[in-house]
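2 protein chains.
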Amino acid sequence: MVDLDNPAPTDDLHAEIEQFYFAYRGFTDRADRILDKRGLGRVHHRILYFIGRRPDVSVRGLLDLLAVSKQALNAPLRQLMEMGLVGAEAGAQDRRVKNLRLTSQGRKLEAELTEAQTRHLRAAFDRAGAEAQRGWSAVMGELVKG
Amino acid sequence: MVDLDNPAPTDDLHAEIEQFYFAYRGFTDRADRILDKRGLGRVHHRILYFIGRRPDVSVRGLLDLLAVSKQALNAPLRQLMEMGLVGAEAGAQDRRVKNLRLTSQGRKLEAELTEAQTRHLRAAFDRAGAEAQRGWSAVMGELVKG
DNA sequence: CTATTGTGTCAATATGGTTGACCTGGATAA
DNA sequence: TTATCCAGGTCAACCATATTGACACAATAG
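Chains as they are written, first to last, in our numbering: chain A, 3 to 148; chain B, 3 to 148.
See the structure below:
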């Protein structure tokens, strides 16, 4: 890790910007290290994650969530389907769309991947306290909206 | 933006993970868009940022902060020096080391770049309240430490 | 003198993304 | 029906960003 002065809220929010940067870097590194062992990248993780969170999401929906081109999505998604981690069936009303779901294998890997991040977050929440956790979520919610 | 359910703290912290992901993505996008107009990338921003925050940092120090290889740092750093945004002078005790500093032009660009992120953060803090801001910082501090 | 360290550079390579063009097949409006 | 649109898939060219390895040079430390 890196030496970081404690908050001491100043006007320019420089300290907070650094907190955000280093916190997110450490947060993603946890999963990345597990991913690397399996020859997978962040995209695979995000795909697994979002399909897990939004079962029956379409390819188009995934594209919007991930904010990448369909060409960038296609290869890793196909790979996950070939690995038997993601399944698809044609949509009921519109048979063009694919409804994507995790297989039981896929759910297992997704859980393992997310677990590292969950533990990391959980530990920070526990140390900072429930009130701080609520504040964190409130600010994050505003950032997402804004 | 993307539709996100409100916190409703569950056990698995999935909602919080998404908040983190989308919040950080939106956070960095602000600066990225400005950077793109000048043909610069995130690395340039980080270099400018950290030199601004830690004047007289060495190349080695920068490498540790950014966690990249020196080859990855070299090109953008040289570019910034050629653009007159970053200056260097030999260290006083050890003349091998470069003490990196922003020029007045560099400070101007850095401020402009960081301003977008600052405004974004500030707005979220204002909407969420001072107590939430303290909580956010406390959790982020724990994440950085952890 | 020798070894180590800070910096810079060349080369080869990997990864991950982009845009553009084109295709299939299913849905839908004229 | 025909024309058009849309979801999805794929090929190609390209570009940005990163890596590791090897090497060079200058300066400091022993």
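Cβ coordinates follow ideal geometry from the N, Cα and C atoms, glycine included.
All figures in this text were calculated on a predicted structure; none of them were measured in a lab.
Cut-off 6 angstroms between Cβ atoms - residues of its own chain near residue i, not counting five sequence neighbours on either side
i	result
A10 of chain B	Any reading at A10 of chain B must be qualified, since the residue scores a pLDDT of 48, below 50, and its modelled position is unreliable; the value itself is stated next. Excluding positions up to five away in sequence, the list is empty.
L68 of chain A	R48
R98 of chain A	none
D58 of chain A	N101
A1 of chain A	No statement about residue 1 of chain A is possible, as the shown extent of chain A runs from 3 to 148 and does not include it.
Chain B contact residues for residue i, given Cβ-Cβ distances below 9 angstroms
i	result
L123 of chain A	L15, E18, I19, F22, V141, L145
Under 7 angstroms by beta carbon: chain B residues contacting residue i
i	result
A25 of chain A	M142, L145, V146
A126 of chain A	V141, E144, L145, G148
Beta-carbon proximity list for residue i, same chain, < 7 angstroms, skipping 5 on both sides
i	result
T116 of chain B	Y51
D7 of chain B	Note on D7 of chain B: pLDDT 38, under 50, position unreliable in the model; the coordinate value appears next. Here the set comprises A17.
D5 of chain A	Below a pLDDT of 50, predicted positions are generally treated as unreliable, and D5 of chain A, at 39, falls in that range; the measurement from the model is reported next regardless. Contacts found: none.
A118 of chain B	R32, A33, I36
A90 of chain B	M83, K100, N101, L102
L111 of chain A	L50, L87
Chain-ordered chain B contacts of residue i [CB-CB under 8 angstroms]
i	result
A130 of chain A	G137, A140, V141, G143, E144
R55 of chain A	H16, E20
G28 of chain A	L145, V146, G148
Cross-chain neighbours of residue i in chain A, by beta carbon under 9 angstroms
i	result
T116 of chain B	D14, L15, H16, I19
Within chain A, the residues that residue i reaches when beta carbons sit closer than 7 angstroms
i	result
Q119 of chain B	I19
Cut-off 8 angstroms between Cβ atoms - residues of its own chain near residue i, not counting five sequence neighbours on either side
i	result
V146 of chain A	none
L181 of chain B	Because chain B in this structure spans residues 3 to 148, residue 181 of chain B falls outside the shown range and cannot be described.
K72 of chain A	V61, L65
L104 of chain B	L50, I53, G54, P57, L87, V88, G89, E112
M3 of chain B	Unreliable placement is indicated for M3 of chain B, whose pLDDT of 41 sits below 50; the coordinate value is still reported in the next sentence. Closer than 8 angstroms at the Cβ level, and outside the excluded window around M3 of chain B, lie F24, G28.
A2 of chain A	Here chain A covers residues 3 to 148 and nothing more, so residue 2 of chain A does not appear.
N- and C-terminal bounds of the beta strand (DSSP E) containing residue i
i	result
L102 of chain A	100 to 104
Any non-hydrogen atom of the ligand MG closer than 7 angstroms to residue i Cβ
i	result
A140 of chain A	You won't find the ligand MG in this model; it holds no ligand whatsoever.
Host alpha helix (DSSP H) of residue i (start-end)
i	result
Q95 of chain B	It is not in any alpha helix (DSSP H) - Q95 of chain B carries neither H nor E in the DSSP assignment.
G137 of chain B	132 to 147
Inset, instruction - Evaluate contact between the segment 76 to 91 of chain A and the segment 36 to 46 of chain A, counting only Cβ atoms and requiring at least three cross-stretch pairs below 8 angstroms. - result: yes
Legend entry - Three CB pairs or more closer than 8 angstroms across the segment 21 to 32 of chain A and the segment 131 to 146 of chain B: yes
Legend entry - Continuous alpha helix (DSSP H) assignments of at least 4 residues falling wholly in the segment 32 to 93 of chain B: 44 to 55, 61 to 68, 72 to 84
Inset, instruction - Decide if the segment 28 to 39 of chain A is in contact with the segment 127 to 135 of chain B; the criterion is three or more beta carbon pairs, one per stretch, under 8 angstroms apart. - result: no
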